[in-house]
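Undergrad:
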Amino acid sequence: MKLKLYSADFSHSLSLDYAEGGVRAGFPSPAQDYISEAIDLNKELILHPATTYYARAVGDSMVGCGIDDGDLLVIDKSLEAQDGDIVVAFLDGEFTLKIVRFDSAHQCVWLIAANEEYPPIKVTEGNNFLIWGVLTYNIKKQHGKR
């Protein structure tokens with residue numbers, strides 16, 4: 000999955016009404032039909048503003064993780080990747096979004112797609128490789144996508 004990267008804009012604050020009790024996906028509860036506070040999406044989604052970037056997902060290699068073509072991704076460069084994280088990797092001159100696996104038995108790193116159509120990528124010493132950031136949020140458009 001290729002990415003188009005964007006820097007985060009924090010010059011404006013956007014506070015939206017927030018239903019503190021959550022929104023039920025089952026039967027509605029009249030007792031929870033109130034808005035109790037406002038939420039700022041920058042503060043909610045971005046822990047480290049100086050090292051957070053957005054990217055637009057391009058392709059279908061991560062559909063098994065719920066990441067579709069066109070999704071907006073929030074990426075934090077300051078986080079240390081853990082085994083199994085979804086990361087933005089810089090591999091041989093290109094950015095890609097994959098699941099990272101640290102194989103200590105073979106002392107190597109694997110980049111795994113979440114789509115069986117794409118083979119795992121074994122990162123070797125011959126590759127120009129860097130874990131550029133860790134995916135923290137995937138924002139999907141729902142209205143009008145059908």
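The sequence shown begins at 0 in numbering that gives the first Met the number 0 and counts up one residue at a time. The C-beta atom is built at its ideal place from N, Cα and C for all residues, glycine as well.
Y53 and L71 - do their beta-carbons sit closer together than 8 angstroms?
TA: yes
Undergrad: Starting from N137, trace the alpha helix (DSSP H) both ways and give me its first and last residue.
TA: Run containing N137: none in the alpha helix (DSSP H); it sits in the beta strand (DSSP E), 128-138.
Undergrad: According to DSSP, what are the bridge partners of A104?
TA: Answer is none; A104 lacks a bridge partner.
Undergrad: Which two residues bound the contiguous beta strand (DSSP E) that contains E36?
TA: 36-39
Undergrad: Enumerate in chain order the residues of its own chain whose CB-to-CB distance from C107 is below 8 angstroms, with the five nearest sequence positions on each side excluded.
TA: K121, V122, T123
Undergrad: Touching or not, the segment 100-117 and the segment 36-53, by the rule of three or more beta carbon pairs under 8 angstroms?
TA: no
Undergrad: Which runs of the beta strand (DSSP E) spanning at least 3 residues fall entirely within the segment 81-125, listed in chain order?
TA: 85-90, 93-102, 107-111, 120-122
Undergrad: Using the rule of at least 16 other Cβ atoms within 10 Å of the residue's Cβ for burial, across every protein chain shown, is D91 buried or exposed?
TA: Counting the other CB atoms within 10 Å of its CB gives D91 a total below 16, which places it among the exposed residues.
Undergrad: Using DSSP with H/G/I as helix, E/B as strand and the rest coil, what is K76?
TA: coil
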